[in-house]
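Novice: Sequential numbering from 1 applies to the sequence shown in the numbering used here.
Below is a structure I'd like to ask you about.
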Amino acid sequence: MLRILVFLFSVLLAHSAFAGAWLREKETGFSSLTVSGSMFREFGQTTYLEYGVRDDVTLGADVGFLALPDGSRSDYATLFIRRPIGVQDGPNVWAYELGIGAGWTGETVNPYLRTGISWGRDFTLGKRGGWMGVDAAIQWDVYDTNHLIKLDSTVGMNFNDRFSGMVQIFHARVNDNAITSIAPSIIFRPLKNKSHIRLKVGTETQIGNSKATTFKVSFWRDF
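Shown next, in the form of structure tokens:
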């Protein structure tokens, strides 16, 4: 059971901040490097990449690890494809995602398949633009019945040309073990003449366990 929970935490550390219903335009991409640390001396790192092969096909990779204070470590790697559902020019945008990957703790390797569906929508509040989305996914363990169910919700707002705010709620369940956390963050462009570079600073706290708080810093780049 400990192995399952460690793997659950490593997946929660993963691509929830990036997944969504919007696809990348052809021959454009996005990359992110995130480091995180908690008060319990847990340390994690994730590398995330998306690339638009066509306007209706986005390929991606998600690689990361979580190191615990006792010296144990859980790693994962996922490759995925995202395709649209219906047209993408309306107010509501839908997409589905298929992925394959593996997680490993020590010598134990757990290959998995991932299926997901996402909804997104832009909105305007006064003169400010924002976005919201919901991502649902099931991660199917190839060897046993320990399937991971994830439901992530996001609301974001652009304050001006350089600063944005975002609040996310992550929920994950494996068998009878469930974790729900809330993650507020600020996203900003540190350089005026390089709008393709952004930094994201935020926290993630388990609901009902305020001591389980993780601090995260991400470097985002569009290309």
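Every residue, glycine too, gets a C-beta built ideally from N, C-alpha and C.
#1: Measuring only the C-alpha atoms, how far is P184 from G20?
#2: Can you list, in chain order, the residues of its chain with a C-beta nearer than 8 Å to that of G130? Leave out the 5 residues immediately preceding and following it.
#3: Report back the beta-carbon spacing between R198 and S31 to the nearest angstrom; my notes put them in contact at under 8 Å.
#4: What's the C-alpha gap between R245 and V201?
#5: Establish whether the CB of F188 and some CB of chain D are separated by less than 8 Å.
#6: Roughly how many angstroms lie between the CA atoms of R73 and L66, to the nearest whole one?
#7: If you draw a straight line from the alpha carbon of Q39 to that of T46, how long is it in whole angstroms?
#8: Ordered along the chain, which non-local residues of its own chain (more than five positions away) have a Cβ less than 7 Å from that of S195?
#9: For the beta strand (DSSP E) containing W22, name the first residue and the last one.
#10: Hey, quick one: how far does the beta strand (DSSP E) through Q88 stretch, first residue to last?
#11: Would you list the residues sitting across from I187 in a DSSP beta bridge?
#12: Helix, strand or coil: how does DSSP classify F223 here?
#13: Consult DSSP for T154 and reduce its assignment to one of helix, strand or coil.
#14: At which residues does the beta strand (DSSP E) containing F159 begin and terminate?
#15: Going by Cα to Cα distance, which pick from L59, G44 and T78 is closest to G71?
#16: Can you tell which of G64, L113, K216 and V109 has the C-alpha that lies nearest to the C-alpha of I100?
Specialist: Let me spell this out:
#1: Position 184 of the sequence shown, counting from 1, holds the residue named residue 184. Position 20 of the sequence shown, counting from 1, holds the residue named residue 20. For P184 and G20, the distance between alpha carbons rounds to 17 Å.
#2: Numbered from 1 along the sequence shown, position 130 holds the residue referred to as residue 130. The residues are D122, F123, T124, V155, G156, M157 and N158.
#3: Taking the first residue of the sequence shown as position 1, residue 198 is located at position 198. Taking the first residue of the sequence shown as position 1, residue 31 is located at position 31. Their Cβ separation, rounded to whole angstroms, is 11 Å, which puts R198 and S31 out of contact at 8 Å.
#4: Residue 245 falls outside the range modelled here, since the chain spans only 1 to 223, and no answer is possible.
#5: This model lacks chain D altogether; it includes just one protein chain.
#6: On the sequence shown, position 73 is the one that residue 73 refers to. On the sequence shown, position 66 is the one that residue 66 refers to. Whole-angstrom Cα-Cα distance: 6 Å.
#7: Translated into positions along the sequence shown, residue 39 becomes position 39. Translated into positions along the sequence shown, residue 46 becomes position 46. The amino acid at residue 39 is misidentified as Gln; the sequence shows Met. Cα to Cα, M39 sits roughly 19 Å from T46.
#8: Position 195 of the sequence shown, counted from the start, is the residue given in the question as residue 195. For S195, where only same-chain residues beyond five positions count, the Cβ hits under 7 Å are R189.
#9: Position 22 of the sequence shown, counted from the start, is the residue given in the question as residue 22. Note, W22: premise wrong, no beta strand (DSSP E); not H, not E.
#10: The residue given as residue 88 occupies position 88 in the sequence shown. Premise fails: Q88 is in no beta strand (DSSP E) and is neither H nor E.
#11: In the sequence shown, counting from the first residue as 1, residue 187 sits at position 187. Residue pairing for I187: DSSP places it in a beta bridge opposite S164 and K200.
#12: Reading the sequence shown from its first residue, position 223 is the one you call residue 223. Three-state result, F223: coil.
#13: Here residue 154 refers to the residue found at position 154 of the sequence shown. Secondary structure of T154 (DSSP, three-state): strand.
#14: The count along the sequence shown starts at 1 and reaches residue 159 at position 159. Judged by DSSP secondary structure, F159 falls outside any beta strand (DSSP E); it is assigned neither H nor E.
#15: Indexing the sequence shown from 1 puts residue 71 at position 71. With respect to the C-alpha of G71, the residue from L59, G44 and T78 having the closest C-alpha is G44.
#16: Sequence index remark: in the sequence shown, residue 100 carries index 100 (1-based). Nearest in C-alpha terms to I100, of all of G64, L113, K216 and V109, is L113.
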